[in-house]
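Accompanying notes for the structure given below.
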Amino acid sequence: MASQVLVAANRGPLSYALAADGTLSARRGGGGLVSGLSTALAEQPGALWICAALSDADREAVRRGVSEPGVRMLPIDPEVYDGAYNGIANSVLWFLHHHLYEIPREPVFDAEFRRRWDAYVTYNEAFAEALAQEAAEGAAVLIQDYHLALAPGMLRELRPDLRIGHFTHTPWAAREFLDMLPADIRSQLVWGMLGADRLGFHTLGWAGNFLADATRDDAHGVANASVPFETSEYEVRHRRKAADGHGYRELRFTHVTAYPLGVDADELRALAHRPEVDDKLAALRAEVGGLKTIVRVDRTELSKNILRGLLAYRELLTVHPEWRERVVHLASAYPSRQDLTVYREYTESVRELAAAINAEFGTADWQPVLVSVEDDFARSLAAYRLADVALVNPVRDGMNLVAKEIPVVSEAGCVLVLSTGAGAYEELRADALTVNPYDVTATAEALHAALSMPAAERADRTKRLAVAATALPPTQWLTSQLDALHP
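So, in C-alpha cells, the structure goes:
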C-alpha cells in the first residue's frame, strides 16, 4: 500500500542482529536523529521509513524478506555504501560543512574522489527510486541530512507530483569552503537540494549559507536571486538551464527556513529517572565525593572541540588553583568513526591529554578528570542530573542537543558554557556563558565564572534554558515540516 508520509535517512529506526543459529532479531536503532524521528513518526499512521541496510545482519534480513511495519531497508552494495558514506558523506561533506580540513594537505579531489562521488550518486539514486515506488500520489516526503543531498532533485525528476522536504542536521558550509569542490560537483550538490519544495536547517545562519551559494548564477543557472519571504523564511526562485544549453526549464520555488530541533522534556525526564540511571548516579556521586562537577558528553568527533575543552580545564586549575580538589571534570567522550585514521588519532589524543592533566594536578585523594569512553546513555543522563556546569564548546555544530538536554534534567541547576559555534547558540545565548571555541583562556575564565555563580542565579538561568530547549520538541518539529509541505 502506498504511503502518504515517508522519511528517508541513512540510518533506520531499527537494526538486526544475527545469532549463531541463524536467527534474526530486531532492536531499536541508535542516535539522536533516530530517536527524535521515531517518536514523531509514531503519530503519523501508515508512515514509511526508508533507510540503508547497514550491517550484514540487516542485508540478510532484506534477503530473507524479513521486515518490520513502517520500515523498508535498502540492500545497497557494501562497496557502493562505503564509497558514499565513508568516502563522500563523512570524509568530504562533513569536513566541508564543519570547516575541518587541514588546508595545506586537504582536500584532494582526484580520480579516487570521482569514483567515490559516483558511489554517492548511486546511493542517492537508490533512495530516490525507492521513494518513488512507495509514495502515494501527492505524498509528503522528508529526506534527512547530508548523506542524501542529491535525492530531492532525483526524486523530483521521477515523481513531480510529490511534496518534497529535505532537512540538513549539520551546518552548511560557508562559500569559501564549498568553493573547494570542483564546479560540476558543487552544482550537482546544490541542484540536488533545490529539487525540494522546502529545505530546513537548524538555524537561519546555516540556511543563509545555503542561500548564498544557491543564488550564484554562474554556478547553478539560477534565473532569479533569492528574496526574503518572511522574517524567518526565504524563497529561492530558480530554473535550471535546459539540457541542450539553450534557455531554461520551468520556474520553480524552494522555500528555505529554520526548524531548530528541541527536546521532549517529559520523555527526557522520564528516561533520566529510570532505575538504571539512578544506579549510575549513585556510583558517580560516590566517585565525585561531593565536589563540584563540570560535565561534557560528546562523541570524539573532531568538531566537538574536546581537546580545547580539556586545555581550558587545565588552564582553570593553573590560573585559579583554589579549584584544585574542589571540582571534577566528568568527560564522556565515546569513540566515533574509528574506521577513519584521523578520528582514531583524535580519540587517543583525548585520552592522553586527560591522563596528562591527572598526572599534573591529581593527588592521592583527587582525580581531576574522569573520562568515560563508553557509549553509555544511562551514565550520560546521570551526569546530566549531577552537573553544576555543562561545557559545550564545538567549533561548529548543526544544533548540539546536549546543550539543550542538560538544563532540562539538571537537578540543582547548571551553568551552560556554550560556544558561538553551536547551532543552539542563537536560542540559548541569553542565559548561557558564551565563548569563542578557539579561545582557551576565555573558556577557562567562563568555567571559573560558572563555578562561582550564586545558586539562585544558576537556578534561574537553568529554568529559562529549559524553556528555550523544549520550544520545538521532535513531534512538533516533524509536524511543522509536514504541515508546511501541504499549505
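Residues 48 to 534 (the numbering used here) make up the sequence shown, in order. The C-beta atom is built at its ideal place from N, Cα and C for all residues, glycine as well.
Endpoints, the beta strand (DSSP E) within which TYR381 is located: 374–381
Endpoints, alpha helix (DSSP H) assigned at MET540: This structure gives no information on residue 540, because the portion of the chain shown stretches from 48 to 534.
TRP96 - partner residues in DSSP beta bridges: VAL54 and VAL118
7 Å Cβ shell around ARG443 - same chain, five flanking residues per side excluded: HIS145, HIS146, PRO218, SER350 and GLY468
Residues bridged to SER457 [DSSP beta-bridge criterion]: SER457 pairs with nothing; no bridge assigned.
GLY337 versus LEU328, LEU519 and PHE142, residue with shortest Cα-Cα distance: LEU328
Inter-residue Cα distance where the pair is GLU339 and HIS376: Here the sequence assigns Lys to residue 339, which means Glu is not the residue at that position. Whole-angstrom Cα-Cα distance: 9 Å.
VAL118 to MET48 span [Cα, whole Å]: 13 Å
Exposure label - GLY93; buried when at least 16 CB within 10 Å: By the Cβ neighbour-count rule, GLY93 is exposed, with fewer than 16 other Cβ atoms within 10 Å of its own.
Limits of the unbroken beta strand (DSSP E) element including HIS302: 299–305
8 Å Cβ cutoff met for PRO122 and ARG106: yes
LEU363 vs PHE408 beta-carbon contact at 8 Å: no
Cβ-based burial, VAL139 [other Cβ within 10 Å; buried from 16]: Flag for VAL139 reads buried.
Assigned exposure category for ILE150 - 16 Cβ within 10 Å defines buried: exposed
Whole-Å CB distance - PRO454 paired with LEU512, under 8 Å assumed: 4 Å
Residue interval of the alpha helix (DSSP H) (run including ALA254): 251–261
Span of the alpha helix (DSSP H) around THR340: THR340 -> not in any alpha helix (DSSP H); beta strand (DSSP E) instead, spanning 339–346.
Straight-line gap, ASN458 to ALA434 (C-alpha atoms, nearest Å): Before going on, a small fix: residue 458 reads as Glu here, not Asn. The straight-line gap from Cα to Cα measures roughly 8 Å.
Euclidean distance between Cα positions of ALA516 and ALA493: 21 Å
Identity of the residue in SER379, LEU354 and THR394 nearest ASP386 by Cα: THR394
Neighbourhood of ALA531 by C-beta distance below 7 Å, restricted to the same chain and skipping five residues each side: ARG245
Residue range of the unbroken beta strand (DSSP E) whose run includes TYR281: Element bounds for TYR281: 280–285.
LEU178 and ILE97 closer than 8 Å at C-beta: yes
CB of ASN440 within 8 Å of CB of VAL482, strictly: yes
Rounded Cβ spacing between LEU236 and VAL303 (contact assumed at less than 8 Å): With a Cβ gap of about 15 Å, LEU236 and VAL303 do not count as contacting.
Inter-residue Cα distance where the pair is ILE404 and VAL397: 11 Å
Paired residues, beta bridge with LEU463 - DSSP: ALA437
For ALA87, the nearest candidate out of ALA104, GLY252 and PRO60 (CA to CA): When the alpha-carbon of ALA87 is set against those of ALA104, GLY252 and PRO60, the nearest one is in PRO60.
Beta bridge counterpart(s) of THR410 as assigned by DSSP: Answer by DSSP bridge pairing, in chain order: TRP413.
CA nearest to the CA of VAL310, picked from GLY242, ARG476, TRP238 and VAL449: VAL449
Own chain residues within Cβ distance below 8 Å of GLU90, not counting five before or after: If you ignore the 5 residues before and after GLU90, its C-beta comes within less than 8 Å of the C-beta of THR522 and THR526, all in its own chain and listed in chain order.
Residue burial classification, LYS451 (beta-carbon count within 10 angstroms, cutoff 16): Buried, because 16 or more other Cβ atoms sit within 10 Å of the Cβ of LYS451.
Cα-Cα separation between PRO229 and ASP157, rounded to whole angstroms: 10 Å
Classification of PHE300 by the beta-carbon crowding that lies within 10 angstroms, buried from 16 upward: Under this definition PHE300 is an exposed residue.
Secondary structure of ARG511, DSSP reduced to three states: helix
Rounded distance between the beta-carbons of ALA55 and VAL188, thought under 8 Å: That pair is a contact at about 7 Å.
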